[in-house]
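Working notes for the structure below.
Residue numbers (our numbering): 1 to 462.
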């Protein structure tokens, strides 16, 4: 499909700035007290009435009687938080918004809707490769002037470029994520006598000590193949470096490359060592992402000590009795190479219908007003650089968000999310399936690489 061969942000990171970001992220996760950052953005409450200056950051048109349909992958607590955002939009405009979960296969879901002429007004593809695929097929409507003005005011060029295709802006990255984190159960760590590891060698040693104490150290949601791509990307970026990462993301080097062998070898040792995974390999393959988080923090005898997950794991932790910042803490993904990786992801809102309501919603989502609503609800970080950081629900999320904003455009976007959907974004096929097979048999590194390359070559048309 060639979608990931288009230009992307963050392709020229320097060692200095990446090291600074890693330090910022590490400092961000020590849960030290902090105040809100500055910025000229809106400080209004979620209801849009009352900022510190008595106004709101964005004006929206009246849409009385108009009906919109919106689709995203969010379910459960994330869905509940997003509905608060849509409720505020309805209140301000008079429109009625119907939310439809798409399931993990956003490309397949939207494709079927477009074929039947019933596509939603606005969708949130969670992969930049899917966004570009939609744009290439002519399914997307360009951002209007009001939405573009909010983007120019509130977002760095890198995030704007990620929402663009062939020089045209289509997407508003409303929700971002820091995927280079490990959440841990503080009681299990204390009982095992271990501390936060700084690099991969310490991480493996810590995991072995926790295993010896009687608790499986690592929880993996292998039933959702995308969790395994996150594991791979963090190890690969840290070990192989940003240049190789960009080359592999664009399929300019093959998945049979020695750098891929090295990364899979690291994961093979973790996934292939008895006692490391909660439920063993078969159990991990039957565990969905939400359960991989909650089982790490539920009850007096949790099923695991750690789970590698993005910031949005806080939403799942909130479904347990654990308190973020005390019972549940977080550290940067340990450095496998010279520095810890920084991998980001995000969900971009795009218009599939050229309507006044769709453009108004995109304008709202690009504003600080909309970002603040979910920030206050928790389990969310925004790439909106003008959002008052005091909006975040707790110090942990605030510090993670600050690290993202301080990064500017010096980040690497999730590799599988950049790929054509048939390789990097569909359950049961491509990279998701190949890495699930690898989790089932971690010793088969060569076979895994061969299958990854076959599937990548087919998807990229090379």
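Just so you know, even glycine gets a beta-carbon here, dropped at the ideal spot from N, CA and C.
Here the structure is a predicted model, which means the values were calculated and not measured.
Expressed to the nearest angstrom, what Euclidean distance is found between the alpha-carbon atoms of residue i and residue j?
i	j	result
residue 351	residue 147	11 Å
residue 159	residue 409	7 Å
residue 343	residue 413	6 Å
residue 394	residue 356	36 Å
residue 75	residue 101	7 Å
residue 198	residue 381	24 Å
residue 360	residue 388	22 Å
residue 424	residue 314	25 Å
residue 341	residue 111	34 Å
residue 253	residue 446	16 Å
residue 455	residue 419	11 Å
residue 208	residue 259	26 Å
residue 118	residue 331	44 Å
residue 5	residue 187	With a pLDDT of 27 at residue 5, under the threshold of 50, the predicted position of this residue should be treated as unreliable, though the coordinate-derived value follows. Distance between the alpha carbons of residue 5 and residue 187 is about 46 Å.
residue 58	residue 377	20 Å
residue 137	residue 358	19 Å
residue 133	residue 116	18 Å
residue 451	residue 232	15 Å
residue 276	residue 438	16 Å
residue 458	residue 244	21 Å
residue 339	residue 86	40 Å
residue 79	residue 384	20 Å
residue 203	residue 196	8 Å
residue 241	residue 261	14 Å
Do residue i and residue j have their C-beta atoms within less than 7 Å of each other?
i	j	result
residue 520	residue 176	Missing from the structure shown is residue 520; the chain here goes from 1 to 462 and no further.
residue 182	residue 305	no
residue 466	residue 236	Lying before the first or after the last residue shown, residue 466 is absent from the chain, which here runs from 1 to 462.
residue 436	residue 256	no
residue 178	residue 333	no
residue 266	residue 194	no
residue 142	residue 268	no
residue 417	residue 114	no
residue 296	residue 290	no
residue 428	residue 422	no
residue 249	residue 106	no
residue 402	residue 154	no
residue 120	residue 71	yes
residue 95	residue 63	yes
residue 400	residue 311	yes
residue 239	residue 263	yes
residue 224	residue 288	yes
residue 298	residue 320	yes
residue 81	residue 374	yes
Keeping to the same chain, check which residues put their C-beta closer than 6 Å to that of residue i; ignore five residues upstream and five downstream.
i	result
residue 135	165, 170
residue 460	251
residue 126	73, 347
residue 532	There is no way to answer for residue 532, as the model of the chain reaches only from 1 to 462.
residue 349	122, 124, 172, 174, 362, 365
residue 379	312, 314, 315
residue 77	315
residue 192	209, 210, 213
residue 98	69
residue 444	none
residue 66	95, 357
residue 27	Any answer about residue 27 is weak, because its pLDDT of 42 lies below 50 and its placement is not dependable; what the coordinates show is given next. Result list for residue 27: empty, nothing under 6 Å.
residue 230	179
residue 151	160, 366
Quick check: is any heavy atom of the ligand HEM less than 6 Å from the C-beta of residue i?
i	result
residue 318	For the ligand HEM, the structure offers nothing, since it holds no ligand at all.
Which same chain residues, not among the five before or five after residue i, have their C-beta less than 7 Å away from its C-beta?
i	result
residue 354	141
residue 433	225
residue 206	194, 197
residue 90	96, 97
Take residue i and list the residues in its own chain whose beta-carbon comes closer than 8 Å to its own, dropping the five residues that flank it on each side.
i	result
residue 440	281, 282, 285
residue 109	71, 102, 103
residue 318	77, 324, 378, 379
residue 84	46, 373, 374, 377
For the 8 Å Cβ check, are there 3 or more pairs between the segment 358 to 372 and the segment 213 to 226? no
Counting Cβ pairs closer than 8 Å, one from the segment 316 to 332 and one from the segment 377 to 397, do we hit at least three? The segment 316 to 332 is in contact with the segment 377 to 397.
In the segment 162 to 241, which residue ranges form an unbroken beta strand (DSSP E) of at least 3 residues, counting only runs that do not cross its ends? If we require 3 residues or more, the beta strand (DSSP E) runs fully inside the segment 162 to 241 come out as 172 to 178, 181 to 185.
Ordered list of beta strand (DSSP E) runs contained in the segment 325 to 401, each at least 3 residues: 328 to 332, 343 to 351
Suppose only complete runs of 3+ residues qualify. What are the beta strand (DSSP E) ranges in the segment 41 to 122, listed by chain order? List check, beta strand (DSSP E) in window: 67 to 72, 96 to 101.
Entirely enclosed alpha helix (DSSP H) segments - the segment 236 to 295, minimum 4 residues: Annotation: the segment 236 to 295 contains the following complete segments of the alpha helix (DSSP H) (minimum length 4 residues), in chain order: 242 to 249, 258 to 272, 280 to 285.
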